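If you read the protein sequences in the order shown, they are chains A and B. Per the working numbering, the very first residue in the first sequence carries number 1321; after that it's consecutive. Per the working numbering, the very first residue in the second sequence carries number 1321; after that it's consecutive. Note that CB positions come from ideal geometry on N, CA and C, so glycine has one too. This one's a predicted model, so the numbers in the text were calculated from it and none came from an experiment. To keep things clear, I will list the structure first and then write my remarks on it.
Number of protein chains: 2
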Amino acid sequence: MTIAEVSKEYNLTPDTIRYYEKEGLIPRVPRNKSGIRDFDENSCRWIEFIKCMRNAGLSIEVLSKYVKLMGEGPKTASERKKLLEDQRDILLKKQKDINETIDRINHKIQIYDDIVKGKREDYILEP
Amino acid sequence: MTIAEVSKEYNLTPDTIRYYEKEGLIPRVPRNKSGIRDFDENSCRWIEFIKCMRNAGLSIEVLSKYVKLMGEGPKTASERKKLLEDQRDILLKKQKDINETIDRINHKIQIYDDIVKGKREDYILEP
DNA sequence: ATATCATTTAGAGTATACTCTAAGTCAAGT
DNA sequence: ACTTGACTTAGAGTATACTCTAAATGATAT
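This is the structure:
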């Protein structure tokens, strides 16, 4: 698979994919004789995995560290576990923050709905 | 309330608070005769609100827009409602992404736990 | 009166994560 | 042979959100 195909498949620009490889977010992608990347299934799985993690907000630095540990073999398993636990805890916190914010926003939407329908007066400058 | 007190109360640096005011994330804070900010209850409520929104990931640009609309009075109520609905939809998507990622991470943690306990072999370079 | 300390501003600097540019290589089509 | 078009690289540029610096001002303590 060429970088253009992978780009389309995962909706990431070729630049981003190359950047991810350079930063070590995905292990070295196989190349053909002229040095052009030829993504195999494993590379694609990595890209999908990294995209998922990035969508949730994990940093380039953390993901790079994780891939590095993967490359160092079984002896890093417990360190990888710790890293994932830390990131999960951060995501659980983020989940809480987002839930709280959604609730507040929904409450405000309700108020604006009332205002728009003339059932309520608008606020002044209060949040 | 001085900026130092507000900084402590909401765990934001004075620089960040000044930056938020400059970018219009909070309406103009009252000043004393020598030009020093003297945060009243309304300013504090705004800061708490903005902090909550920023924690959930709403951008400076969007929040600045929202505060600007607030300042323009009741006629912008429906525009504000639309803005909040858009942001809520983004947060709902983010929530989904995070849930998916937490599930995947938990699954991996389980696998690493087995590996660390010698119940399973480590993977090679698969995500 | 003077030193100390918090505050103010404008504007420069930093971190993160891309995104673009320029110059070059290579395979395929005409 | 030559153009086209996709790919390559290093490195510069951009967007976002702070964070720091420097110089000035004002209130308080000695």
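Alpha helix (DSSP H) segment containing residue i, residue limits
| i | result |
| --- | --- |
| E1368 (chain A) | E1361 to N1375 |
| V1326 (chain A) | I1323 to Y1330 |
| E1446 (chain A) | Where E1446 (chain A) is concerned, there is no enclosing alpha helix (DSSP H), given that its DSSP letter is neither H nor E. |
| R1424 (chain B) | A1397 to V1436 |
| D1389 (chain B) | Correcting the residue type first, residue 1389 (chain B) is Leu in the shown sequence and not Asp. Note, L1389 (chain B): alpha helix (DSSP H), I1380 to G1391. |
Per-residue DSSP class, three states only, for residue i
| i | result |
| --- | --- |
| R1338 (chain A) | helix |
| R1357 (chain A) | strand |
Cβ distance (whole Å) where residue i is taken to contact residue j below 8 Å
| i | j | result |
| --- | --- | --- |
| F1359 (chain B) | V1326 (chain B) | 5 Å |
| I1418 (chain B) | K1414 (chain A) | 6 Å |
| E1399 (chain A) | L1389 (chain A) | 6 Å |
| I1323 (chain A) | L1345 (chain A) | In fact, because the Cβ distance is near 15 Å, the residues do not count as touching under 8 Å. |
| I1435 (chain B) | A1397 (chain A) | 4 Å |
| G1393 (chain B) | P1347 (chain B) | No, G1393 (chain B) and P1347 (chain B) are not in contact; Cβ-Cβ is about 13 Å, not under 8 Å. |
Of the residues the options, the one placed nearest residue i, counting alpha carbons only
| i | options | result |
| --- | --- | --- |
| P1447 (chain A) | A:E1361, A:K1428 and A:K1414 | A:K1428 |
| K1402 (chain B) | A:N1426, A:S1384, A:S1379 and A:Y1386 | A:N1426 |
| L1332 (chain A) | A:K1439, A:K1371 and A:S1384 | A:K1371 |
| D1423 (chain A) | B:M1373, B:E1341, B:S1354 and B:P1350 | B:M1373 |
| D1409 (chain B) | B:Y1432, B:E1361 and B:G1377 | B:G1377 |
| P1350 (chain B) | B:Y1386, B:V1387, B:N1362 and B:K1439 | B:N1362 |
| C1364 (chain B) | B:I1337, B:D1434, B:K1342 and B:E1343 | B:I1337 |
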